[in-house]
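Here the sequence shown is numbered in this note's numbering, starting from 6 and rising by one per residue.
Glycine residues also receive a C-beta, built at the ideal position from the N, C-alpha and C atoms.
Quick caveat: nothing in here was measured; it's all calculated off a predicted structure.
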Amino acid sequence: MPQPPSFTARAPGDPRPRMLAIDWGTTSLRGVRIDAQGHITERRALPQGILQVAPGGFADAFAQHFGDWLAEDPQLCLLSGMVGSRQGWQEAAYCPCPADFSALCSQLLWLDNPQGVPTAIVPGMSSLAQSQVDAVHGVPDVMRGEEIQVIGALALMGSRDGLLLLPGTHSKWVQAQNSSITGFKTFMTGELFALLAQHSILGKTLDSSAALDEAAFIQGLERAQSADSLSHLLFGTRALSLFGALDPAQSASYLSGLLIGQELRTMPTAAGSRVAVIGSSTLVQRYSLALRHVGCEAVAFGDEATWAGHQAIYDHLTQTTSSTPPSLTPQP
């Protein structure tokens with residue numbers, strides 16, 4: 006297995022890139038090139054997720070999409086996301102929580118260097134030690150890709166502690182304390198919404214493509230605080246539409262509020278709490294609205310958290326004393 010190389014920070018005047026930061030997920034592939042000053046100089050986004058890569062074809066696919074960047078002799082290439090899963094390039098063992106930043110960096114999985122560039126996969130994280138896992142006493146939780154966003158968001162906030170929320174197909178609530186990720190929980194909220202909207206009776210009376218109706222969304226949030234079971238609350242979405250209380254657009258927002266409200270009920274946050282919300286603008290909007298409704302402050306982040314997390318690892322590996330997040334716009 007390739008061993009981690011020794012690094013020193015690339016001089017700011019060096020014309021070669023500092024690093025390539027790659028986020029390779031299930032359905033998409035994104036990358037940025039970061040220069041010696043820490044600025045993003047180019048971005049690429051491709052519909053080439055790990056599921057679109059044939060077994061054994063990751064090195065060739067990577068060279069096809071980023072070979073010209075690799076030819077510029079970057080000092081480091083970091084890959085995060087599902088590329089480190091069993092279906093990815095090579096499986097990177099989960100780093101168990103609680104874990105600090107150094108522990109995560111020490112478990113980077115180094116690959117055979119594509120075109121001679123030191124290349125590593127950032128490991129995912131698990132919330133339960135393997136020896137404790139069984140169906141009765143302990144159910145594990147896992148994440149891949151979100152850990153780099155958490156690192157980046159903390160760096161951007163200049164914070165060592167916080168509650169971070171990463172909405173998506175599988176939403177993550179992550180607790181950080183003293184620069185360690187101490188635990189997290191996953192909710193299948195996005196996937197449940199899609200399944201219910203497309204493959205259940207609820208889909209007959211809602212329009213999942215409609216814009217957010219804030220009033221209906223908040224009604225769903227408030228209804229989710231009921232002690233009734235989720236399956237009963239979900240059927241209420243159909244009943245309300247049958248009696249004309251919700252039109253199709255409102256039904257979709259109400260259902261979204263119900264499911265997100267269940268997350269808030271499970272992860273209660275005290276009024277006045279500050280929560281970092283990291284994700285796409287559409288989901289950040291909904292979760293931020295939900296958090297504000299219960300009296301919390303939502304701090305929004307997008308792609309910048311991912312790239313700041315990659316750069317934080319570079320800074321750690323090169324033992325630099327400062328950590329300047331990559332700028333959010335390409336430099337001339």
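Only counting the same chain, and skipping five residues up and downstream in sequence, which positions put a Cβ closer than 7 Å to that of residue i?
i       : result
Ser-11  : none
Gly-173 : Gly-195, Gly-284 and Leu-288
Gln-42  : Pro-17
Glu-96  : Gly-89 and Ser-90
Arg-149 : Gly-86, Met-87, Gly-89, Ser-90 and Gly-129
Ala-76  : Gln-120
Ser-261 : Phe-198, Phe-222, Gly-225 and Arg-291
Below 6 Å CB to CB, which residues in the same chain sit around residue i once its five sequence neighbours on both sides are set aside?
i       : result
Leu-333 : Reliability of the predicted coordinates at Leu-333 is poor, the pLDDT of 39 falling under 50, and the value obtained from them is presented with this limitation in mind. These residues qualify, in order along the chain: Glu-309.
Thr-191 : Asp-146, His-175 and Lys-177
Gly-188 : Cys-102, Ser-132 and Gln-180
His-321 : Cys-110
Met-345 : In this structure the chain extends from 6 to 337, so residue 345 is not present and cannot be described.
Ser-213 : Ala-202 and Ala-257
With a threshold of 8 Å on Cβ separation, who are the neighbours of residue i within its own chain once the five nearest residues in sequence on each side are excluded?
i       : result
Leu-245 : Leu-251, Ser-256 and Tyr-259
Gly-307 : Ile-283, Gly-284, Ser-285, Ser-286 and Val-289
Gly-266 : Gly-225, Leu-226, Glu-227, Arg-228, Ala-229, Gln-230 and Ala-295
At the level of alpha carbons, what is the spacing between residue i and residue j?
i       : j       : result
His-315 : Ala-26  : 6 Å
Val-127 : Leu-247 : 49 Å
Met-24  : Ala-68  : 15 Å
Ala-14  : Thr-323 : 5 Å
Gly-157 : Thr-32  : 22 Å
Ser-234 : Ala-313 : 40 Å
Ala-125 : Arg-165 : 25 Å
Pro-103 : Pro-253 : 44 Å
Ile-51  : Gly-61  : Here the sequence assigns Leu to residue 51, which means Ile is not the residue at that position. Near 19 Å, if we compare the C-alpha coordinates of Gly-61 and Leu-51.
Leu-343 : Glu-152 : Missing from the structure shown is residue 343; the chain here goes from 6 to 337 and no further.
Val-299 : Pro-7   : 49 Å
Phe-106 : His-237 : 42 Å
Between which two residues does the beta strand (DSSP E) holding residue i run?
i       : result
Ala-125 : 124 to 126
Gly-188 : 185 to 192
Leu-51  : 45 to 51
Asp-320 : Looking at the DSSP string, Asp-320 is not in any beta strand (DSSP E); the run it does join, the alpha helix (DSSP H), is 308 to 322.
Ser-85  : 81 to 85
Ser-205 : Neither: Ser-205 is in no beta strand (DSSP E) and is coded neither H nor E.
Asp-28  : 24 to 29
Gln-182 : 176 to 182
Ser-39  : It should be noted that the sequence gives Ile, not Ser, for residue 39. From DSSP, the beta strand (DSSP E) with Ile-39 extends over 34 to 39.
Which stretch, first to last residue, makes up the alpha helix (DSSP H) that contains residue i?
i       : result
Gly-157 : 151 to 162
Asp-65  : 63 to 75
Leu-109 : 106 to 111
How about residue i: is its Cβ closer than 8 Å to a heavy atom in the ligand SAM?
i       : result
Asp-233 : Here there are no bound small molecules, and the ligand SAM is not part of this structure.
**Cβ contact check for the stretch 224 to 232 and the stretch 198 to 205: 3 or more pairs under 8 Å** = no
Please give the ranges of any alpha helix (DSSP H) in the stretch 217 to 286, keeping only runs that are unbroken, at least 4 residues long and fully inside the region.
219 to 228, 235 to 247 and 253 to 271
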